[in-house]
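In our numbering, the protein residues as written are 613 to 909.
Here the structure comes first, spelled out in structure tokens, and everything after it is commentary.
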């Protein structure tokens, strides 16, 4: 039992939980709820573990590519058996669905849409650009889940959708795009067509333009909103560390920086009230990578 729990937790890749958790938190803050409310943290926790529960299915589906890209993953080595792992994930996702329904029946709609998009992403990984867009839409559903879960219903959803399309969806698009660098070898063998396998220079150009554009826009916002300089400097440092890892092909470090960048960029708009949560999240991701030292896992 302890061995199963160990490998299950490793397969959840808990550092990515901050991506879905923070996205859910954005939805809660968009609803007008604050960090002082217990419902906000309940929804954050649900969003946090949703990634890990789903990751089990993703690891099983991607096990052939992972045999090349990440041969030490428990699902690839056989250390984690699919059947009991699926059962735990189904119970976990079912619990999220039940609690979400209690908060608002509308949460089931966005859980369902997110799930369908996630399945679609698995089949569209071989379609460049579209794969990242579908992934981004799937993860952005976490914000809608947090929004309706906080309010208990749907209100002014058109304004929220516009905000998410401008500020949140592009962040997840970039994160997905930047995650493909480490998988080039396996993706080429498996026939997964990403910009990194088809045109590496253009893929690098997208990363540079995307991250630098976000930082410049945030720089303008900082002039309008005093007190955001700390987060702005953190984002700049993470961008520098990201490209340093990319140029030197330190892909495990690249994964860490990509995850931290996504979290920091999501927090920026609400950093007046969430800057401390942002810092704690970045530190937690850094510490978790001390446990996830194996680049092939």
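Quick reminder that beta carbons are idealized off the backbone N, C-alpha and C, glycines included.
What you are looking at is a predicted structure, and each value in this text was computed from that prediction instead of being measured.
Next on the checklist: If I follow the unbroken alpha helix (DSSP H) through residue 660, where does it start and stop?
Outcome noted: Segment 650-673, the alpha helix (DSSP H) holding residue 660.
Next on the checklist: When you compare the CB positions of residue 629 and residue 663, do they come within less than 7 Å of one another, or not?
Outcome noted: yes
Next on the checklist: Just verifying my parser: in three-state terms, what is the DSSP assignment at residue 690?
Outcome noted: Residue 690 falls in the coil class under three-state DSSP.
Checklist entry - If we count Cβ pairs, one from each stretch, closer than 8 Å, do we get three or more for the segment 828-840 versus the segment 758-767? => result no
Checklist entry - What do you reckon, are the CB atoms on residue 806 and residue 826 nearer than 7 Å? => result Cβ atoms of residue 806 and residue 826: not closer than 7 Å.
Checklist entry - With a CB to CB cut of under 7 Å and the five nearest residues on each side skipped, what residues in its chain are close to residue 733? => result 743, 746, 747 and 750
Item to check | Per-residue DSSP class, three states only, for residue 799 | outcome: helix
Next on the checklist: Let's test the definition: count the other Cβ atoms within 10 Å of the Cβ of residue 997 and tell me whether it reaches 16, buried, or not, exposed.
Outcome noted: Only positions 613 to 909 of the chain appear in the structure, and residue 997 is not among them; the question remains open.
Next on the checklist: Please determine whether the Cβ atom of residue 773 lies at a distance below 6 Å from any heavy atom of the ligand ADP.
Outcome noted: The ligand ADP is absent from the structure shown, which contains no ligands of any kind.
Next on the checklist: Tell me which residues share the same chain as residue 687 and place their Cβ nearer than 8 Å to its Cβ, disregarding the 5 neighbours each side in the sequence.
Outcome noted: Cβ within range, chain order: 623, 668, 671, 672, 675, 678, 694 and 697.
Item to check | Simplified DSSP state of residue 904, which is helix, strand or coil | outcome: Residue 904 falls in the coil class under three-state DSSP.
Item to check | Same chain, Cβ closer than 7 Å to residue 779, neighbours up to 5 away in sequence not counted | outcome: 881
Item to check | C-alpha gap between residue 690 and residue 619, whole angstroms | outcome: 10 Å
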